[in-house]
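If you're matching positions, the sequence shown starts at 0 in numbering that gives the first Met the number 0 and goes up one per residue. Where is the CB? At the ideal position from N, CA and C, for every residue including glycine. Step one of this worksheet: look at the structure below.
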Amino acid sequence: MARKITKAIFPVAGLGTRFLPATKSVPKEIMTLVDRPLVQYAIDEARAAGITEFIFVTSRGKSALEDYFDHNHILEQELKAKGKTDLLETLNATNMESGAIAYIRQHKALGLGHAVWCARRLIGDEPFAVMLPDDVIAADKPCLQQMVEAYQETGGNMVAAMEVPHEKTQSYGVLDVGENIGSVVRTRGMVEKPKSEDAPSNLAVIGRYILGPSVLYNLNQKKKGSGGEIQLTDAIAEDIGNGVPVFGYKFEGQRFDCGSKSGFLQATVAYALSREDLRDDLREYIHEVISSDKAAQ
Ligand code: G1P
């Protein structure tokens with residue numbers, strides 16, 4: 000039986016330059032999909048999967064993120080005094096237990112593998128999850144929970160996987176697919192951001208991982224990979240050679256690439272349309288805009 004996963008790493012040190020000027024003063028992870036910060040979606044997904052320790056790898060300029068997870072007593076008292084119990088509940092659901100959340104600084108942008116390695120002392124010698132908050136996944140059963148359940152059977156390392164158009168492989172880690180067992184795929188290798196002509200398949204890694212501590216040992220070597228960065232994909236692939244299996248998990252759900260503007264907008268529309276309080280107005284507005292072909296002036 001594989002071990003229980005209680006710790007998750009959230010690499011959030013990126014500058015978010017694709018969202019300038021907004022990210023000049025607001026961390027990208029705090030930007031909202033409807034009325035919830037991007038990072039809240041990842042936290043909720045992690046909690047549903049049984050995660051109780053949340054490790055954020057941050058950088059300069061991310062202090063708004065720390066404030067977000069802090070209790071806001073003034074606001075709480077105000078809402079209590081006014082009897083606004085619904086809002087109070089919404090607020091309290093974002094609070095973190097003392098000691099459940101830790102922040103580690105990545106002092107230099109040396110790559111995703113390096114960001115994960117920065118959290119090694121907080122992980123110790125146990126399996127852990129990594130979640131990239133840019134990848135928002137809408138699903139009946141949250142993606143990480145699906146993976147944790149599958150991992151109980153497989154052990155090893157597991158990455159979320161999704162088929163992408165062949166011409167898009169250059170934006171992803173890509174799996175060299177071996178045996179296929181339902182939603183689980185055994186991999187023979189992994190390549191970070193290959194050109195479509197060099198890609199071993201079109202099955203791409205999406206930002207959810209369950210990894211063993213051996214991946215952290217592999218990262219100790221600080222080998223540079225694609226783009227001159229220390230890549231998580233390479234450290235996971237190295238495990239295959241060392242006899243630790245790596246599985247791709249083809250999750251059920253819809254993934255939004257919130258690292259891109261169009262993905263962020265699509266997620267905003269999708270989540271807004273799933274909300275009872277917004278659905279009707281928004282649907283009407285979208286129909287109106289599309290039929291009159293009129294953009295905001
Ligand atoms: C990262 C990983 C890549 C993965 C992707 C998923 O890339 O390095 O392997 O496929 O996330 O979103 P990034 O998008 O940060 O460049």
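Residue environment, residue i, which counts as buried when at least 16 other CB atoms sit within 10 Å
| i | result |
| --- | --- |
| Ser24 | exposed |
| Ser213 | buried |
| Tyr248 | buried |
| Asn91 | exposed |
| Gly227 | exposed |
| Ala21 | exposed |
| Arg274 | exposed |
| Ala236 | buried |
| Arg120 | exposed |
| Val288 | exposed |
| Lys107 | exposed |
| His113 | buried |
| Gly242 | exposed |
Residue i (DSSP reduced to helix, strand or coil)
| i | result |
| --- | --- |
| Leu202 | strand |
| Thr89 | helix |
| Ile239 | helix |
| Glu44 | helix |
Distance between beta carbons of residue j and residue i, contact taken as under 8 Å
| i | j | result |
| --- | --- | --- |
| Phe250 | Gln145 | 5 Å |
| Val115 | Leu14 | Going by Cβ atoms, the distance from Val115 to Leu14 rounds to 18 Å, so no, they are not a contact pair. |
| Val129 | Tyr171 | Actually they are not in contact, since the Cβ atoms of Val129 and Tyr171 sit about 15 Å apart, beyond 8 Å. |
| Tyr40 | Val173 | Not quite, the Cβ-Cβ distance comes to about 25 Å (not below 8 Å), so this is no contact. |
| Leu37 | Glu28 | 5 Å |
| Leu111 | Arg207 | Not a contact, Cβ separation roughly 13 Å. |
| Met95 | Phe68 | 5 Å |
| Ser58 | Gln105 | 6 Å |
| Gly298 | Arg17 | Nothing can be reported for residue 298, as the shown portion of the chain is limited to 0 through 296. |
| Pro26 | Gly60 | 7 Å |
Check whether residue i and residue j have beta carbons under 8 Å apart
| i | j | result |
| --- | --- | --- |
| Ala137 | Ala269 | yes |
| Ile103 | Leu215 | no |
| Asp233 | Gly240 | no |
| Pro126 | Arg2 | yes |
| Glu162 | Leu202 | yes |
| Arg185 | Glu196 | no |
Ligand 1 heavy atom lying under 7 Å from the CB of residue i
| i | result |
| --- | --- |
| Glu191 | yes |
| Tyr171 | yes |
| Gln145 | no |
| Gly258 | yes |
| Gly15 | no |
| Asp134 | yes |
| Gly262 | no |
| Thr232 | yes |
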